[in-house]
Amino acid sequence: MLYMIERLPTKDQELKNIIDKLAQFVARNGPEFEQMTKTKQKDNPKFSFLFGGEYFNYYQYKVTTEQAS
């Protein structure tokens with residue numbers, strides 16, 4: 001599956017770290033882990049990428065590359 005990376009969160013290193021780390025966990029633990037995170041973090045703006053938006057494609061790309069490694 002190919003994801004177009006529209007924007008990388010390079011200006012916000014903390015956000016990039018959150019996305020990268022979550023992608024690792026989701027790749028290892030499956031979509032249930034992502035769903036649990038969505039439920040727990042639904043009101044946290046740092047996790048808004050899980051619901052679409054600016055960094056969603058980057059997140060999907062990271063999950064896919066982690067699964068392939």
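In the UniProt record's numbering, the protein residues as written are 1 to 69.
C-beta: ideal position from N, C-alpha, C; glycine also.
Since this is a predicted model, take the numbers as computed values, not measurements.
Where the alpha helix (DSSP H) containing residue i begins and where it ends
i          : result
Tyr-58     : 56 to 68
Lys-43     : Strictly speaking, residue 43 in this sequence is Asp, with Lys absent from that position. No alpha helix (DSSP H) contains Asp-43, which DSSP labels as neither H nor E.
residue 70 : Residue numbering for the chain in the displayed model covers 1 to 69; residue 70 lies beyond these limits and cannot be assessed.
Any chain D beta carbon closer than 9 Å to residue i
i      : result
Asn-17 : Given the protein chain composition of this structure (a single chain), no chain D is represented.
Integer Cβ distance of residue i from residue j, believed to fall under 8 Å
i      : j      : result
Phe-47 : Thr-37 : 7 Å
Lys-18 : Lys-62 : It should be noted that the sequence gives Ile, not Lys, for residue 18. Not quite, the Cβ-Cβ distance comes to about 11 Å (not below 8 Å), so this is no contact.
Contact under 9 Å by Cβ, residue i with residue j
i      : j      : result
Phe-49 : Leu-8  : no
Gln-13 : Glu-66 : no
Residue burial classification, residue i (beta-carbon count within 10 angstroms, cutoff 16)
i      : result
Lys-42 : exposed
Lys-11 : exposed
Lys-21 : exposed
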